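To start, the structure itself, in C-alpha cells.
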Amino acid sequence: MRMNKITYYSFHIEGDDLCEVEKFVTRFNSPAYKDDYENIMSVIRHMGAYTGAEEHYFRHERAAEALPPPYRSGDVRLYCCRVNTDIVILGNGCVKTTQKAQQSKDCLFHFEFMNELSWHITQRMVEGELRIYNRQLEGNLHFKIGDCYE
Numbered sequence: 038m039r040m041n042k043i044t045y046y047s048f049h050i051e052g053d054d055l056c057e058v059e060k061f062v063t064r065f066n067s068p069a070y071k072d073d074y075e076n077i078m079s080v081i082r083h084m085g086a087y088t089g090a091e092e093h094y095f096r097h098e099r100a101a102e103a104l105p106p107p108y109r110s111g112d113v114r115l116y117c118c119r120v121n122t123d124i125v126i127l128g129n130g131c132v133k134t135t136q137k138a139q140q141s142k143d144c145l146f147h148f149e150f151m152n153e154l155s156w157h158i159t160q161r162m163v164e165g166e167l168r169i170y171n172r173q174l175e176g177n178l179h180f181k182i183g184d185c186y187e
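For my numbering, count along the sequence shown from 1 and bump the result up by 37.
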C-alpha cells in the first residue's frame, strides 16, 4: 500500500490465503482489542500520511521492530521491518503477556519470523539482490525462512 510518505508491504507465508498484516487485522480488529488496535493503526496512518517511518515510532526488537511506539501503552504488538523512512514491511502480531517477546507463546513465532525476515532483507540489500527505487523494493522478494521458531 503506497501512501504519501511510506510504501507499506506485507508478505504471504506459502499456503496461506491472507498476508500476515491481514491476519493481524482479522484477529485484532475486534471489541476485545479496540484500544490497542486503534492505537497501532493510528500510528500507521499518521506515519503514512505525514511523517514517514521515523525511528522514534518503533520499538526495537533485535533486527526487527514493533508497534505501538515505546511511549504508548498496550499489550498488542505488530511486528514489522523498518527498511528506511520510506518503506515498512508489516508482519503479524500478538498479545504480549511477558516482559520479553521470546517468553510469550503468542509472540514468539511472529517475533522470530520478523527478525529472520529483517535479517534476510538487510543481507540482500548489502549483496545488491534487493534495492530501493522510487520508494519501492526491487529485486528478489522471495524468501525461504528457516526453522527459526520450532
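Note that CB positions come from ideal geometry on N, CA and C, so glycine has one too. Just so you know, these numbers come straight off a predicted model, no measurement behind them.
Buried or exposed by the 16-neighbour rule on C-beta atoms within 10 Å, applied to residue i
{"i": "K142", "result": "exposed"}
{"i": "E187", "result": "Any answer about E187 is weak, because its pLDDT of 37 lies below 50 and its placement is not dependable; what the coordinates show is given next. Exposed, by the Cβ-count rule."}
{"i": "L178", "result": "exposed"}
{"i": "F148", "result": "buried"}
{"i": "R114", "result": "buried"}
{"i": "A101", "result": "buried"}
{"i": "E92", "result": "exposed"}
{"i": "G165", "result": "exposed"}
Secondary structure of residue i, DSSP reduced to three states
{"i": "R96", "result": "strand"}
{"i": "N175", "result": "One detail in the question is off: residue 175 reads as Glu in this sequence, not Asn. The answer is strand: DSSP assigns E175 an E or B state."}
{"i": "I1", "result": "The requested residue 1 is not part of the displayed model; the chain covers only 38 to 187."}
{"i": "T135", "result": "coil"}
{"i": "K71", "result": "helix"}
Those residues which DSSP pairs with residue i across a bridge
{"i": "G130", "result": "L115"}
{"i": "R39", "result": "T44"}
Spell out a yes or no on whether the region 64-77 and the region 147-165 are touching, meaning 3 or more CB-CB pairs, one atom from each, closer than 8 Å. no
Three CB pairs or more closer than 8 Å across the region 41-56 and the region 120-138: Below 8 Å, enough C-beta pairs join the region 41-56 and the region 120-138 to call them touching: three or more.
At what residue ranges does the region 77-128 contain a whole run of the beta strand (DSSP E), taking only runs of 3 or more? Secondary structure within the region 77-128: the beta strand (DSSP E) runs of 3 or more consecutive residues, fully enclosed, are 96-98, 101-104, 113-119 (chain order).
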